[in-house]
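Numbered by the UniProt record's numbering, the letters in the sequence shown go through residues 1 to 617 in order.
By construction, the Cβ of each residue, glycine as well, lies at the ideal position given by its N, Cα and C atoms.
Below: the structure, in structure tokens.
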Amino acid sequence: MQVKSSIHIILFFLLVGAFNLSGQNSERYSIIPQPKVLNPVTGEFVINNQTALLVNIKNDSWKELADNFAAQVQRVSGIEIPVKDISSPHFGNTIIFKNVENLPTEGYKLFVTPKIITIESTAPNGLFYGIQTLYQLLPVQIYGNEKVSKKIKWNIPCCEINDRPKFSYRGIMLDVGRHFMPKEFIMKLIDLLSMHKQNIFHWHLTEDQGWRVEIKKYPKLTDVGAWRKETTGYPGTPGDGKPHGGFYTQEDIKEVVEYARQRYVTVVPEIELPGHSSAAIAAYPELSCFPDREYEVPTGWGIKKDVFCPNAKTFQFLEDVFTELFDLFPSPYYHIGGDECPKDRWKESAYCQELMKVLDLQNEDELQIFFVQRMNNFLREKGKKTVIGWDEILDGGSVPSTIAMSYRGHAPAMRALSQNMYTILAPNRWCYLDYYQEDMEKEPKTQALFLPLRKVYDYYPVSDTIRAEKQKFILGTQGCIWTEFIHTPERVEYMAFPRAIALAEVGWCDKQDKDWDLFRKKMLKGFQRLDRKNVNYSKAFYNVVYNFDRKSTFPKKVALTLDYPETKIHYTINGKEPTRNSPIYSDSITINKNDIIKAKGYLKNGTQIGKMNEKRF
């Protein structure tokens, strides 16, 4: 059957003629992330009132995906697509979801001719991703919840696609401990991840500043631990005097996880231990090494010294917490933090010092390894074979059966790989989406580093120095959104997008298949899709960005970049407004003190792109 199928494809392309993906075709096939193989073909398939969808209706997963696709088409177009069994006769203008063997779990093949669309997959994950590609080939009006104009032609360009991801773990993390985000926004974020074929939502649910998940056995975790009296922690400013908090009920969690399941996104819960646990200790002081002291939920940021005590009460508490979570999160991955745990209280505690002697531990770092090992063993005994920790779990030793999430650069990942430990790459300089992305002096205050879209896109988790036999231990990559400076869902969207979309292509594509120039052309339609989803994304893509040595007291040279494709940057250094007659930027600019650079982007036809940006030195 495979031989016949291959011959059919070859004949098809000989008849209709394929052409390269360049020029206008980047708009015709604006698929993000870029498919492994995409062969453009002339012609188009049009969804209309004669279109039918065939699927194995006895396969619940396939049937659910078919019903969801048909429902979305009807929602925005009014066209009702009947879903029929795959054995039904068909006579053209048909969409077929076909179950085949021997494709990767998340792989799919998509064939579009003027009469028939076929998506082939072995697992429902692959079918879901094939459908996401189909959505991206349709007019952008397919996204949304309201019916649009009847004038829209629901056409899909003909093509042949053979696609599969490079990495199995393609994630985004959201911290809701520092600032609580409503359930509805969590679902919106999951939807945005799934449309770009990201398959992990890492939910950072507990922090020093707030415990965000209901645990019925310990009600004070949310009665007390989910609320702080105000928010401080910003240099030079007093507290805001406003109580802040919130939490997700177990019913909320179930709703979110079910929503994610339908989009083939795995929700990975994170319960921080042994550090970042001040909110839990404020609720239950007996979890600390000094239960007679007074505690409250911290109002400011930074690493807090009050951490879980490695005693029987704490371990029982954590086992009870995870036992309730098992019914809420079916994920094979569970994240236990393990990072930024000060040892001050353990050094002060006579109990901890005695425990170290009993366990023959040399120092408090080894006591942390004992703590992590203890919880790792519990989770693995309960069937959670993939326990993740931040890369501090490698300090003072390691727990080989855990997965290290390497955020302090690549060095921790290399240490994990040297021990044949699985690792996920989330290095802050490329993957922390709470960093500045346009102008550090003009953007609202956030974390101190600069991370423009191009730098995110150019990242690749497998460096050339990693030996081939070690590369299999790299599971993938993850973007992280920490919310010390991100107060609202709208701000999360601004910080995450479009940089999260760049990371989607990083996680899906082989290194040789990434193409920055093609990606930024595709993003023109990508932004239109975000508009349909009402996403408050950053507009840095449209504006000139100034690149220079930010560590220098006074940089000698400045480079200008503009992500918008096929533009020229016109600039001045005398403070005057640039026009199309101003010099065209070609190489870095040497600057003197008090220079004012003003710059704009222009298309060939003279259209200005974005706004005028200026920088005073």
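Item to check | Straight-line Cα distance separating K313 from E286 | outcome: For the purposes of this step, residue 286 is taken as residue 286 along the sequence shown, with counting starting at 1. For the purposes of this step, residue 313 is taken as residue 313 along the sequence shown, with counting starting at 1. Each residue's Cα considered, the two are about 7 Å apart.
Notebook entry, point to check: Leaving out the 5 sequence neighbours to the left and right, which residues in its chain are closer than 6 Å to I81 when beta-carbon positions are compared?
Noted result: What you label residue 81 is simply residue 81 of the sequence shown in a count that begins at 1. Sequence-distant partners of I81 (beyond 5 residues in either direction) whose C-beta falls short of 6 Å from its own C-beta, in its chain, are T51, L53, A70, V73.
ask   = Can we say the segment 391–398 touches the segment 132–147, given the rule of at least three CB pairs closer than 8 Å?
value = They do not touch, by the three-pair rule.
CB I32 to CB G337, shorter than 7 Å?
-> Locating residue 32 in the sequence shown gives position 32, where the first residue counts as 1. Locating residue 337 in the sequence shown gives position 337, where the first residue counts as 1. The answer is no: Cβ separation not under 7 Å.
Using only CA atoms, which one of I597, Y248, N311 lies nearest to P274? Your numbering for residue 274 matches position 274 in the sequence shown. Closest by alpha carbon: N311.
Nearest CA to the CA of F247: which residue from A226, L134, E255?
In the sequence shown, the residue the question calls residue 247 occupies position 247. Nearest option by C-alpha distance: A226.
Quiz prompt | Inter-residue spacing [alpha-carbon to alpha-carbon] between K557 and L451 | solution = In the sequence shown, the residue the question calls residue 557 occupies position 557. In the sequence shown, the residue the question calls residue 451 occupies position 451. Computed Cα separation, rounded: 19 Å.
Note down the Cα distance separating M612 from I591, rounded to an integer number of angstroms.
One-based indexing of the sequence shown puts residue 612 at position 612. One-based indexing of the sequence shown puts residue 591 at position 591. Going by the C-alpha atoms only, they are around 19 Å apart.
Exercise for the section: Could you name the residues that DSSP lists as bridge partners for Y228? Expected result: What you label residue 228 is simply residue 228 of the sequence shown in a count that begins at 1. Before going further, note that residue 228 is Arg rather than Tyr in the sequence given. Bridge partners of R228: H244.
message = My output table needs one value for R263: the three-state DSSP class, helix, strand or coil.
response = Residue numbering aside, residue 263 sits at position 263 when the sequence shown is read from its first letter. Looking at R263 - three-state DSSP - the assignment turns out to be coil, as it is neither helix nor strand.
Self-check item: Beta-bridge pairing of Q447 - partner residues as DSSP gives them
Solution: Locating residue 447 in the sequence shown gives position 447, where the first residue counts as 1. The partner list for Q447 (beta bridge, DSSP) reads Y435.
Quick one: is I584 buried, meaning 16 or more other Cβ sit within 10 Å of its Cβ, or exposed?
Within the sequence shown, numbered from 1, the residue matching residue 584 stands at position 584. With fewer than 16 Cβ atoms within 10 Å of its Cβ, I584 is classed as exposed.
Excluding the five sequence neighbours on either side, which residues of its own chain have a C-beta within less than 7 Å of the C-beta of I253, listed in chain order? Residue numbering aside, residue 253 sits at position 253 when the sequence shown is read from its first letter. The residues are V213, L328.
For C289, list the residues DSSP reports as bridge partners. One-based indexing of the sequence shown puts residue 289 at position 289. Answer by DSSP bridge pairing: none, since C289 is not bridged.
Notebook entry, point to check: What is the DSSP secondary structure of Y571, reduced to helix, strand or coil?
Noted result: Here the question's residue 571 lines up with position 571 in the sequence shown. Strand at Y571.
- Item | Own chain residues within Cβ distance below 8 Å of Y218, not counting five before or after | Reading the sequence shown from its first residue, position 218 is the one you call residue 218. Around Y218: A283, Y284, F317, D320, V321.
Here's the rule: buried if 16 or more other CB atoms are within 10 angstroms of the residue's CB, otherwise exposed. What is S30? Translated into positions along the sequence shown, residue 30 becomes position 30. So S30 counts as buried.
Uninterrupted beta strand (DSSP E) stretches inside the segment 549–611 (no shorter than 3 residues):
557–561, 568–572, 596–602
Using 8 Å as the threshold, is the segment 294–306 in touch with the segment 351–359, meaning 3 or more CB pairs across them? no
Should S288 be labelled buried (16 or more other beta-carbon atoms within 10 Å of its own) or exposed?
-> Start at 1 with the first residue of the sequence shown, and residue 288 comes out as number 288. That one is buried.
- Query: Leaving out the 5 sequence neighbours to the left and right, which residues in its chain are closer than 7 Å to G245 when beta-carbon positions are compared?
  - Reply: On the sequence shown, position 245 is the one that residue 245 refers to. Cβ within range, chain order: F180, G210, A226, W227, R228.
Review point. Grouping DSSP H, G and I as helix and E and B as strand, with all else coil, what is P342?
Key: Mapped onto the sequence shown, residue 342 falls at position 342. Reduced to three states, the DSSP call for P342 is coil.
Query - Cβ-based burial, L453 [other Cβ within 10 Å; buried from 16] - result: On the sequence shown, position 453 is the one that residue 453 refers to. Counting the other Cβ atoms within 10 Å of the Cβ of L453 gives 16 or more, which makes it buried.
Are there 16 or more other CB atoms within 10 angstroms of the CB of G23, so buried, or fewer, so exposed? The count along the sequence shown starts at 1 and reaches residue 23 at position 23. Note on G23: pLDDT 47, under 50, position unreliable in the model; no value is reported.
Do I424 and G507 count as a contact pair if the criterion is CB distance below 7 Å?
Sequence index remark: in the sequence shown, residue 507 carries index 507 (1-based). Sequence index remark: in the sequence shown, residue 424 carries index 424 (1-based). Contact flag unset, no.
**Prompt:** What separation, rounded to the nearest whole angstrom, lies between the Cα atoms of V37 and V535?
**Reply:** As a position in the sequence shown, residue 37 is number 37, starting the count at 1. As a position in the sequence shown, residue 535 is number 535, starting the count at 1. Their Cα atoms are separated by approximately 29 Å.
Exercise for review: Determine the DSSP secondary structure at V279, reduced to helix, strand or coil.
Suggested key: As a working note, residue 279 is residue 279 in the sequence shown. Per the sequence presented here, residue 279 reads as Ala, with Val not at that position. In the structure shown, A279 sits in a helix (DSSP, three-state: H, G or I).
Worksheet entry | Nearest-angstrom Cα separation, counted from G479 out to Y264 | Locating residue 264 in the sequence shown gives position 264, counting from the first residue. Locating residue 479 in the sequence shown gives position 479, counting from the first residue. Each residue's Cα considered, the two are about 18 Å apart.
Supposed contact pair Y537 and F485 - C-beta distance, whole angstroms, cut 8 Å: The sequence position of residue 485 within the sequence shown is 485, counting from 1. The sequence position of residue 537 within the sequence shown is 537, counting from 1. Rounded, the Cβ-Cβ distance is 18 Å, inconsistent with contact.
Exercise. For Q136, count neighbouring C-beta atoms within 10 Å of its own C-beta (all shown protein chains included) and say buried if the count is 16 or more, exposed if not.
Key: On the sequence shown, residue 136 is found 136 positions in, with the first residue counted as 1. So Q136 ends up on the buried side.
Look at the alpha carbon of residue 618 and the alpha carbon of P182, and state the distance between them as a whole number of angstroms.
This structure cannot settle anything about residue 618, because the visible part of the chain is limited to 1 through 617.
Span separating the alpha-carbon of residue 699 from that of E160: The chain is shown only over 1 to 617; residue 699 falls outside these bounds and no answer can be derived.
- Task: Closer than 6 Å by C-beta to K109: which residues in its own chain qualify, once you throw out the five before and the five after it? Chain order, please.
- Result: Here residue 109 is taken as the residue at index 109 of the sequence shown, counted from 1. Result list for K109: E120, N162, in chain order.
Task: The alpha helix (DSSP H) enclosing Y129, as first and last residue numbers - done: Translated into the one-based positions of the sequence shown, residue 129 becomes position 129. Segment 124–137, the alpha helix (DSSP H) holding Y129.
- Query: Does DSSP put A71 in a helix, in a strand, or in coil?
  - Reply: Locating residue 71 in the sequence shown gives position 71, counting from the first residue. Three-state result, A71: helix.
Pair within 7 Å by beta-carbon distance, T553 and G601 = As a working mapping, residue 553 is identified with position 553 in the sequence shown. As a working mapping, residue 601 is identified with position 601 in the sequence shown. Taking 7 Å as the Cβ cut-off, T553 and G601 do not qualify as a contacting pair.
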